[in-house]
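K.L.:
Number of protein chains: 2
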Amino acid sequence: MQQFIEICRDHELKITPQRVAIYQALIQANQHPTADMMFRLVKEDFPHIAFDTVNRTLLTFADIGVVDVVEVFGGPKRFDPNIDGHHHLHCTACGKIIDFKNDRCTDLEVPASITEMFKVISKRVVLKGLCADCAIEQ
Amino acid sequence: MQQFIEICRDHELKITPQRVAIYQALIQANQHPTADMMFRLVKEDFPHIAFDTVNRTLLTFADIGVVDVVEVFGGPKRFDPNIDGHHHLHCTACGKIIDFKNDRCTDLEVPASITEMFKVISKRVVLKGLCADCAIEQ
DNA sequence: GTGATTGCAAACCTTTTGCACGCCA
DNA sequence: TGGCGTGCAAAAGGTTTGCAATCAC
């Protein structure tokens, strides 16, 4: 939380009760929430908040690196409070996104032929398939 | 094209002029088009086609494996006529998606701890950053 | 002929925008 | 106090749905 306040100060953002509430909900959220999911979550502790505030705050947080906007295959944006280097499994049946850590993926070197023509900021391995629950049903 | 007809037959889909036109536009498209971009493109040869037909056909094509729906970070769905194993660069400034091939990425082994709990269908390395054009402007 | 497909329009959902009011610094 | 941030409402953009007419088989 102290860290969050510092990041806001660094970016000259005011510390408002709404931003604090959204940040707290975010670090509790575990399922790569959409803006709407975050809105419902924050509203429990902050009933008067507007959806619009939640959405704009999440975008602001993405700008300053507090959250990550993750890759999706259509549908609403999804946010990831986990900004450590990690990778994703996407279940094509239920839409769940599962984080995983793996050194072989994280240490994968981007070839020089790419870095010469493209300034790489982030790197992620994305796997599509079926999660355990959905694999059983099929 | 013969190949396309066979795939349709395999999936019991009728060969309609619309589907043929959309398929032809697709193999010419090079920039991971959205449904709307495809609609404009197809309309040149097929002025009377409805946006809806293009969109639904693309989703059907995705179902049968003729196109791939690619990962995006919000915004409209984007389709990829290139279904060979390859990887993506996403320019965060202009939104361009650039394909690249790289054996080290393609040969990356998914650890058994993942495949045991998740049925992997596809694998892709996704890099975010700045393309050459946008890197100059910054 | 029959059922899949198309075109059209409306509905739906998500995201964006403009503006007046309120609050943090 | 000044200007950023919020809440509200409307608009915009993309996708989905239902239905009648049409077309491929």
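The listed protein sequences correspond, in order, to chains A and B. Here the first sequence stands for residues 7 to 144, numbered as in the working numbering. Here the second sequence stands for residues 7 to 144, numbered as in the working numbering. Ideal Cβ positions, reconstructed from N, Cα and C, are used throughout, including at glycine. The structure displayed is predicted, hence computed values, not measured ones.
1) Quick one: list the residues of chain A neighbouring B:Arg130, beta-carbon separation under 7 Å, in chain order.
2) Would the segment 129-139 of chain A count as touching the segment 47-61 of chain B if we require 3 or more Cβ pairs under 8 Å?
3) Determine the extent of the alpha helix (DSSP H) in which B:Leu64 is found, giving its start and end residues.
4) Which same chain residues, not among the five before or five after A:Ile11, have their C-beta less than 7 Å away from its C-beta?
5) Do you know offhand how far A:Asp149's Cα is from A:Asp86's?
6) Classify B:Met7 as buried or exposed, calling it buried when 16 or more other Cβ atoms lie within 10 Å of its own Cβ.
7) What did DSSP end up calling B:Gln100 once you bin it into helix, strand or coil?
8) Can you grab the Cα-Cα spacing for the pair B:Gln9 / A:Phe79, in whole Å?
9) What does B:Met123 reach in chain A if we use C-beta pairs closer than 7 Å?
10) Going along the chain, which residues of the segment 98-116 of chain B sit with their C-beta nearer than 9 Å to a C-beta in chain A?
11) Could you name the residues of the segment 79-94 of chain B whose beta carbon sits closer than 7 Å to any beta carbon of chain A, in the order they occur along the chain?
12) Would you check if the segment 134-144 of chain B and the segment 90-98 of chain B touch, i.e. whether three or more CB-CB distances between them fall below 8 Å?
13) Cβ of A:Ala141 less than 8 Å from any chain B Cβ?
14) Would you identify the three-state DSSP class for A:Thr112, choosing helix, strand or coil?
15) Name, please, each residue of chain A whose Cβ falls closer than 9 Å to the Cβ of B:Ile127.
16) Can you pull the chain B residues whose beta carbon is under 7 Å from the beta carbon of A:Ile28, in chain order?
17) State the Cα-Cα distance for the pair A:Thr40 and A:Glu143, rounded to the nearest angstrom.
18) A:Met4: which of A:Met123, A:Asp16, A:Pro82, A:Asp105 sits nearest, CA to CA?
19) Can you confirm whether A:Val75, when its beta carbon is compared against all beta carbons of chain B, has any partner nearer than 8 Å?
20) Along the alpha helix (DSSP H) that carries A:Lys49, what are the first and last residues, could you check?
21) Find the residues of chain A that neighbour B:Ile70, judging by a C-beta separation of less than 7 Å, and give them in chain order.
22) Give every residue of the same chain whose Cβ lies closer than 6 Å to the Cβ of B:Ala68, excluding the five residues on either side of it in the sequence, and list them in chain order.
23) Could you give the C-beta distance for B:Leu32 and B:Thr66, rounded to a whole number, given that I count them as a contact under 8 Å?
24) Just grab the DSSP bridge partners of A:Lys129 for me.
25) Among the residues of its own chain, which have a CB less than 8 Å from the CB of A:Thr63, if the five just before and after it don't count?
P.N.:
Concretely, from the data shown:
1) One-based indexing of the second sequence puts residue 130 of chain B at position 124. Within chain A, the residues near B:Arg130 are Val132.
2) Short answer: they don't touch.
3) For this step, residue 64 of chain B is matched to residue 58 along the second sequence. Run containing B:Leu64: 57-70, per the alpha helix (DSSP H) assignment.
4) Residue 11 of chain A sits at position 5 when you count from the first residue of the first sequence. In chain order, Ile21 place their CB closer than 7 Å to the CB of A:Ile11, counting only its own chain and leaving out the 5 sequence neighbours on each side.
5) The shown model of chain A, from 7 to 144, leaves out residue 149 of chain A, and the question about it has no answer.
6) The sequence position of residue 7 of chain B within the second sequence is 1, counting from 1. It is exposed - the Cβ of B:Met7 has fewer than 16 other Cβ atoms within 10 Å.
7) In the second sequence, counting from the first residue as 1, residue 100 of chain B sits at position 94. Checking the sequence, you will find Cys at residue 100 of chain B rather than Gln. Here B:Cys100 sits in coil by DSSP.
8) Residue mapping note: residue 9 of chain B aligns to position 3 of the second sequence, counting from 1. Residue mapping note: residue 79 of chain A aligns to position 73 of the first sequence, counting from 1. C-alpha separation (whole angstroms): 26 Å.
9) Taking the second sequence and counting its residues from 1, one reaches residue 123 of chain B at position 117. Per Cβ cutoff of 7 Å: Ala138.
10) Against chain A - using a Cβ distance shorter than 9 Å - the residues of the segment 98-116 of chain B are Thr98, Ile104, Phe106, Asn108, Arg110, Cys111, Leu114, Glu115, Val116.
11) For the segment 79-94 of chain B, which is checked against every Cβ of chain A, the residues closer than 7 Å are Phe79, Gly80, Lys83.
12) Because the criterion of three Cβ pairs below 8 Å is met, the segment 90-98 of chain B and the segment 134-144 of chain B touch.
13) For the purposes of this step, residue 141 of chain A is taken as residue 135 along the first sequence, with counting starting at 1. Output row for A:Ala141: interface = yes.
14) Here the question's residue 112 of chain A lines up with position 106 in the first sequence. Correct three-state label for A:Thr112: helix.
15) Translated into positions along the second sequence, residue 127 of chain B becomes position 121. Residues of chain A passing the Cβ test: Thr98, Leu133, Lys134, Gly135, Leu136.
16) On the first sequence, position 22 is the one that residue 28 of chain A refers to. Taking a Cβ-Cβ threshold of 7 Å, none of the residues of chain B is close to A:Ile28; the smallest such distance is about 18 Å.
17) Within the first sequence, residue 40 of chain A is the residue found at index 34, counting from 1. Within the first sequence, residue 143 of chain A is the residue found at index 137, counting from 1. Using only the alpha carbons, I get a separation of about 26 Å.
18) Given that chain A is displayed from residue 7 to residue 144, the structure contains no residue 4 of chain A and the question cannot be resolved.
19) Position 69 of the first sequence, counted from the start, is the residue given in the question as residue 75 of chain A. Closer than 8 Å: yes.
20) What you label residue 49 of chain A is simply residue 43 of the first sequence in a count that begins at 1. Annotation: the continuous alpha helix (DSSP H) that includes A:Lys49 extends over 41-51.
21) Counting from one through the second sequence, the residue named residue 70 of chain B turns up at place 64. Under the 7 Å cutoff, chain A gives no residues; its nearest Cβ is about 14 Å from B:Ile70.
22) As a first step, residue 68 of chain B must be located in the second sequence, where it is residue number 62. Apart from the 5 residues on each side of it in sequence, B:Ala68 sits with its Cβ closer than 6 Å to the Cβ of Val75 in its chain, given in chain order.
23) Counted from its first residue, the second sequence places residue 32 of chain B at position 26. Counted from its first residue, the second sequence places residue 66 of chain B at position 60. Going by Cβ atoms, the distance from B:Leu32 to B:Thr66 rounds to 12 Å, so no, they are not a contact pair.
24) Mapped onto the first sequence, residue 129 of chain A falls at position 123. In the DSSP secondary-structure assignment, A:Lys129 is bridged to B:Leu133.
25) Here the question's residue 63 of chain A lines up with position 57 in the first sequence. Correct list, in chain order: Gln24, Arg25, Ile28.
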